[in-house]
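Residue 498 is where the sequence shown starts when you use this note's numbering, and the numbers rise one by one after that. Yeah, the Cβ is synthetic: ideal placement off N, Cα and C, and Gly gets one too. Let me begin by presenting the structure, written as structure tokens, before commenting on it.
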Amino acid sequence: MIEAVYEATGGDAIVTSDVGQHQMWTAQYFHFNRPRRWINSGGLGTMGFGLPAAMGAKVGCPDDTVVCIAGDGSVQMNMQELATCAQEGIDIKVFIMNNGYLGMVRQWQELFWDKRYSHVDMGQYPDFVKLADAYGATGMRLEDKRSLVDGMREAIATPGPVLVDVRVTREENTYPMIPAGQAARDMVG
Numbered sequence: 498m499i500e501a502v503y504e505a506t507g508g509d510a511i512v513t514s515d516v517g518q519h520q521m522w523t524a525q526y527f528h529f530n531r532p533r534r535w536i537n538s539g540g541l542g543t544m545g546f547g548l549p550a551a552m553g554a555k556v557g558c559p560d561d562t563v564v565c566i567a568g569d570g571s572v573q574m575n576m577q578e579l580a581t582c583a584q585e586g587i588d589i590k591v592f593i594m595n596n597g598y599l600g601m602v603r604q605w606q607e608l609f610w611d612k613r614y615s616h617v618d619m620g621q622y623p624d625f626v627k628l629a630d631a632y633g634a635t636g637m638r639l640e641d642k643r644s645l646v647d648g649m650r651e652a653i654a655t656p657g658p659v660l661v662d663v664r665v666t667r668e669e670n671t672y673p674m675i676p677a678g679q680a681a682r683d684m685v686g
């Protein structure tokens, strides 16, 4: 998904994210070629950071393409701000990496807690496309890997705020990672 966002934007975008697997994959697979193009909290545990950060980036740099790469859990922290984007004409594109989990927490529970999952399954709801419409934004869903880049290009070309629900593999893990309290030499991956 991240490589598709990179290709769809030509690498020329300001990218924001929340905290989670999507943040790690963005750092690894979006090839930033200029400074000040990657806005995230640096791992300070801030689900919901990406969307308002994208809003601020777009207001500050109105001529730049601004995309938020969010998780399906993170975006629900404050997705009501899509209404602000629609009302104020803040033209951001939000790409949700939707695996139906709080992905990073699930990964930690898988690797370090013997798959004793607790409170991480997000299920198949909400319907992000319908929610986008309710907030005055455009909603799209992308499920086919073969049309991912074209669908993302369409989203980027669509005026106004766009929320794209990208369905991804449910239990994919991101590596490398360092277990809590361990040194870098104890990295898993």
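Residues bridged to residue i (per DSSP)
i    : result
A567 : I593
G678 : Per DSSP, none; premise fails for G678.
W535 : V512
When the options are compared against residue i, the one with the closest alpha-carbon
i    : options                   : result
V512 : D624, Q518, W535 and R531 : W535
C565 : E504, E668, A634 and A510 : A510
K590 : T543, H616, T506 and S615 : T506
T671 : L645, G508, W522 and G620 : W522
M642 : D683, L660, T666 and M544 : The question names Met, yet the displayed sequence has Lys at residue 642. Taking only the C-alpha atoms, the option nearest K642 is T666.
E504 : G539, F527 and F625       : F527
Contact check, residue i vs residue j, beta carbons under 8 Å
i    : j    : result
I587 : K555 : yes
N537 : S514 : yes
M649 : G517 : no
L579 : L660 : yes
A652 : M637 : yes
Whole-Å CB distance - residue i paired with residue j, under 8 Å assumed
i    : j    : result
N530 : L548 : The Cβ separation is near 24 Å, so there is no contact.
G597 : D624 : Between D624 and G597 the Cβ distance is about 13 Å, and since that is not below 8 Å, they are no contact.
Unbroken beta strand (DSSP E) run spanning residue i, endpoints
i    : result
T635 : T635 to L639
T513 : I511 to S514
Range of the contiguous alpha helix (DSSP H) that encloses residue i
i    : result
D647 : L645 to A654
L628 : F625 to A631
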